[in-house]
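Mapping of the sequence shown onto the working numbering: residues 422 to 756, in sequence order.
From the three backbone atoms N, C-alpha and C, an ideal C-beta is built for every residue, glycine too.
Computed from a prediction, not measured in an experiment: that's the story for all the values here.
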Amino acid sequence: MNFPTGQPQSVIRYLLDKAFSAWSNVTNLDFVEVTFVDRADIEIVFGGQVHWSRGERCSFPMDTDVFAHAFYPEEGSVHFNTKYYFDGGESLGQFLEVAMHEIGHVLGLDHSKSKASLMHLTEIGRFTEPQPIDVKNIQRLYGVRGESMRAAAPRLCSLTAMDAAIQTSNGVIYVFAGDYFYDVSNKFAPGKLISSKWKGLPGNIDAAFTYNGEKIFFFKNDLYWTFNETRMLPGHPRQIRDGFPGLPNNLDATLVSDGDIYAFRGDQYWYYSVKDKRISGDSPSSTRRIHLPTTHFDAALNTESAIMTFKGGNFFRWSDGGRSVQMLRNSWFQC
Numbered sequence: 422m423n424f425p426t427g428q429p430q431s432v433i434r435y436l437l438d439k440a441f442s443a444w445s446n447v448t449n450l451d452f453v454e455v456t457f458v459d460r461a462d463i464e465i466v467f468g469g470q471v472h473w474s475r476g477e478r479c480s481f482p483m484d485t486d487v488f489a490h491a492f493y494p495e496e497g498s499v500h501f502n503t504k505y506y507f508d509g510g511e512s513l514g515q516f517l518e519v520a521m522h523e524i525g526h527v528l529g530l531d532h533s534k535s536k537a538s539l540m541h542l543t544e545i546g547r548f549t550e551p552q553p554i555d556v557k558n559i560q561r562l563y564g565v566r567g568e569s570m571r572a573a574a575p576r577l578c579s580l581t582a583m584d585a586a587i588q589t590s591n592g593v594i595y596v597f598a599g600d601y602f603y604d605v606s607n608k609f610a611p612g613k614l615i616s617s618k619w620k621g622l623p624g625n626i627d628a629a630f631t632y633n634g635e636k637i638f639f640f641k642n643d644l645y646w647t648f649n650e651t652r653m654l655p656g657h658p659r660q661i662r663d664g665f666p667g668l669p670n671n672l673d674a675t676l677v678s679d680g681d682i683y684a685f686r687g688d689q690y691w692y693y694s695v696k697d698k699r700i701s702g703d704s705p706s707s708t709r710r711i712h713l714p715t716t717h718f719d720a721a722l723n724t725e726s727a728i729m730t731f732k733g734g735n736f737f738r739w740s741d742g743g744r745s746v747q748m749l750r751n752s753w754f755q756c
């Protein structure tokens, strides 16, 4: 986006190219500088405590002890503090090391607890390239350079079933299938890795729901994960029996209605009172009790306009308090 004063632009370009190459040398990624900002996956900015991000003031100021900061996928920005680069006396070699570290974040790597890692929070002035632990972590995301990557993610329109569905606080509906998630507003887009947005969350989840617009709960086997939007809360994953006493493991689907939770497995459902932190006395109950014509759902979702349960290429829209259920073809999948 801009260049710092005190160094020729050619030097900055050379160092940044070297920093990006350090990662592309070991994994299946290529980086190309583009002319138009709106086409860039990654933005580079130089500034002070007040600086810009994607054309707006960055919400994270760079304090005096911060060399740089970066944003994980898919925001993709690296911001360097010109107090150090290059108004201060820091070396170009240190700038290169910090650039490699921040690019690691942009590609999806967290801080490492190992001091033998380029991605360690505070180790500076030691590394000229990603270390073995960094190479292993980046290859877990993008594969080994020169080797075939995993098969391309299926596109939303090719799916015949899904694992779960949620609606975020800003109204975006995501569906999950295998290792991937999909924004249903883009029917022809390929899936994106779940781990790229919800770090620490595995694929092939069993069920999920959003609560109060911010917290997202994911379930798999006997565990659940809680995220505040895309940040996992401390202490997770947890056992389902500890966080939701009475709910079974290996759920098929979950949804929230009137502030309480419905969980489905097979031909039964459980009603969990959030206020009382327990299931109702008559759980589990048969899904016939709420007039659902099928069992073993793939997923369930409560939007502002409808409650829906999904199975294969069909969805079932609840109405009249669950007393009327309409089966429809799922146009999200049959595009």
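Cβ neighbours of residue i in the same chain (closer than 7 Å, five flanking residues each side left out)
i: A658; result: Checking the sequence shown, residue 658 turns out to be Pro, not Ala. Excluding residues within five positions, the ones whose Cβ falls inside 7 Å are L644, Y645 and W646.
i: C479; result: H472, W473 and H500
i: F481; result: H490
i: S617; result: P494 and G529
Endpoints, beta strand (DSSP E) assigned at residue i
i: G721; result: Correcting the residue type first, residue 721 is Ala in the shown sequence and not Gly. Per DSSP, A721 belongs to the beta strand (DSSP E) from A720 to N723.
i: W691; result: Q689 to S694
i: L644; result: L644 to N649
i: A489; result: A489 to A491
Supposed contact pair residue j and residue i - C-beta distance, whole angstroms, cut 8 Å
i: G497; j: D459; result: G497 to D459, Cβ: 13 Å. No contact.
i: A585; j: A629; result: 4 Å
i: F693; j: I682; result: The sequence given here has Tyr at residue 693, not Phe. Confirmed, Cβ separation roughly 4 Å.
i: T448; j: Y563; result: 4 Å
i: Q552; j: S538; result: 6 Å
i: K608; j: L580; result: 10 Å between Cβ atoms; not a contact.
i: E518; j: I554; result: Actually they are not in contact, since the Cβ atoms of E518 and I554 sit about 16 Å apart, beyond 8 Å.
i: M521; j: A574; result: Going by Cβ atoms, the distance from M521 to A574 rounds to 28 Å, so no, they are not a contact pair.
i: I371; j: F640; result: For the chain, the structure presents residues 422 to 756; residue 371 sits outside this window and is missing.
i: L668; j: I700; result: 7 Å
i: F648; j: W619; result: 6 Å
Enclosing alpha helix (DSSP H) for residue i [first to last residue]
i: M521; result: L513 to V527
i: Y683; result: Unbroken run through Y683 is the beta strand (DSSP E), D681 to R686; no alpha helix (DSSP H).
i: G664; result: I661 to G664
Residue i - partner residues in DSSP beta bridges
i: L614; result: Y601
i: T631; result: I637
i: L539; result: Beta-bridge pairing links L539 to no other residue.
i: K732; result: N735
i: L580; result: Partner(s): none; L580 has no beta bridge.
i: T448; result: V565
i: N502; result: G468
i: M653; result: F648
i: A585; result: F597
i: V677; result: I682
i: W473; result: R478
i: S706; result: Y690
i: I700; result: Y693
i: S533; result: H541
Same chain, Cβ closer than 8 Å to residue i, five either side skipped, listed in chain order
i: Q430; result: F424
i: L528; result: W444, L450, P494, I559, L562 and Y563
i: F718; result: D673, A674, F685, T730, F731 and K732
i: L436; result: L513, F516, L517 and A520
i: G680; result: V695 and K696
Same chain only: Cβ atoms within 6 Å of residue i, ignoring 5 sequence neighbours per side
i: I433; result: F424
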